[in-house]
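Structure first, then comments.
Numbering (this note's numbering), first residue to last: 11 to 403.
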């Protein structure tokens, strides 16, 4: 290597080391192996909300630009990779749930619920009963989140897409096995959301999949599937409108591009966090455990993204219904009586983010002095049958 080449290489190294923290991670991948890059990420990071809220609902990580996003139910917080707050969006009177970042566009997708149940009343009090129930896919323009306490309605950083099917399923009742039950599928709204390729493929067009929230109810048999609604990104862009919480809009597609079912057994509030991982091609489903004795009641499942869906009769529905069934990954523990695969490791229900190459940030909730906080820790996927995520020391 000549003198000029050595000086240029040294200049590149010094430029990276003297850059802001976010740019170190943006450029570090060009100077070290991919494995070393992920090993260089912070092992643990804690972020606190500075105002009253419910617990953290989801996290999303931008390793390209060096930011992390935290959903604290009624507030979105943006930090750098060391936990310094650099922006936030507040003023939500709804349940802001799981979040998912599209690295290609900088759009952050979120599940949004305005509803009149105990969760809605816990957030908005009596207003939750008086207003209409509305459910949206929310879209943040993360490039515009450059300061703290931006207003969700007036700052121009947030739009929403109305989900009329979900509204109908939440409001309506259904007769199954001769008994009338509230909420079709047991629908409590929407929660888990993730972005990835079509089921049965490992590349190509990316879609947004958002999961229904589903109430825990051991008395019915038509609530044993996780239900995923799939949307094309172009359709979401076409329908997106600014949020107006006083006059909620109804601009959205009449139905999802696809509707999928995952047989897991009933869980408490359905899929809390949904996360696609390109390393395993799994769609991870993190949930609160269910209580039906015929099921294993795992808190963690995964859809095998390489297996195409199959149109089949749904179990537990009378009169009979059919739907597109997704296959669970078989590297978990098999519960023979139900045929359900999953894991007993209780992780990810309040946040799980695939970083690539088998690395994940997994969130836990906490509180101090009446304020909520979130701690994320770095994990490595091992594929073990019982505890597949190993903490990176």
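The beta carbon of each residue, even a glycine, is placed where N, CA and C say it ideally should be.
All values derive from a computational prediction rather than experimental measurement.
query	result
Among 50, 64 and 45, the one whose alpha carbon lies nearest that of residue 376	64
Contacts around residue 327, its chain only, beta-carbon distance under 6 Å, and the 5 residues preceding and following it disregarded	232
Proximity below 8 Å, CB of residue 98 to CB of residue 55	no
Residue 94 and residue 59 closer than 8 Å at C-beta	no
Proximity below 8 Å, CB of residue 300 to CB of residue 275	yes
Sub-8 Å separation of residue 143 and residue 172 beta-carbons	no
For residue 168 and residue 117, the rounded distance between their alpha carbons	10 Å
Residue 127 to residue 44 span [Cα, whole Å]	46 Å
Span separating the alpha-carbon of residue 258 from that of residue 225	24 Å
Residue 141 - DSSP class collapsed to helix/strand/coil	coil
Classification of residue 105 by the beta-carbon crowding that lies within 10 angstroms, buried from 16 upward	buried
Secondary structure of residue 48, DSSP reduced to three states	helix
7 Å CB neighbourhood of residue 36 in its chain, flanking five on each side removed	Bear in mind that a pLDDT of 44 at residue 36, under 50, signals an unreliable position, so the number given afterwards is only what the model happens to contain. Excluding positions up to five away in sequence, the list reads 74, 75 and 76.
Own chain residues within Cβ distance below 8 Å of residue 292, not counting five before or after	286, 312, 313, 314, 315 and 339
Residue(s) in a DSSP beta bridge with residue 352	343
Which residues DSSP lists as bridging residue 83, in chain order	106
Inter-residue CB distance, residue 283 and residue 202 (contact presumed, cutoff 8 Å)	5 Å
CB contact flag (residue 268, residue 236, <8 Å)	no
Local conformation of residue 386 per DSSP, three classes	strand
Span separating the alpha-carbon of residue 149 from that of residue 109	9 Å
First and last residue of the uninterrupted alpha helix (DSSP H) at residue 247	243-249
Chain-order list of residues whose beta-carbon lies under 7 Å from that of residue 251 (same chain, five-residue window excluded)	169, 170, 259 and 261
Close Cβ partners of residue 368 (< 7 Å) along its chain, the five nearest in sequence each way excluded	289, 390 and 391
Alpha-carbon to alpha-carbon, residue 101 and residue 344	44 Å
Alpha-carbon spacing of residue 337 relative to residue 90, whole angstroms	37 Å
Alpha-carbon to alpha-carbon, residue 264 and residue 152	27 Å
Between the CA atoms of residue 62 and residue 131 - distance to the nearest angstrom	15 Å
Between the CA atoms of residue 221 and residue 256 - distance to the nearest angstrom	26 Å
Proximity of residue 3 and residue 365 at Cβ, strictly below 8 Å	No information on residue 3 is available, as it lies outside the stretch 11 to 403 that the chain covers here.
Neighbour-count burial assignment, residue 69, 16 or more Cβ in a 10 Å radius	buried
DSSP state of residue 391 mapped onto helix, strand, coil	strand
From 79, 174 and 247, residue whose alpha carbon lies closest to that of residue 199	174
Close Cβ partners of residue 162 (< 7 Å) along its chain, the five nearest in sequence each way excluded	99, 100, 101, 102, 168 and 253
Burial state of residue 211, where buried means 16 or more other Cβ atoms lie within 10 Å	exposed
Those runs of the alpha helix (DSSP H) which lie wholly inside the region 160-216 and span at least 4 residues	174-181
Check whether residue 324 and residue 353 have beta carbons under 8 Å apart	no
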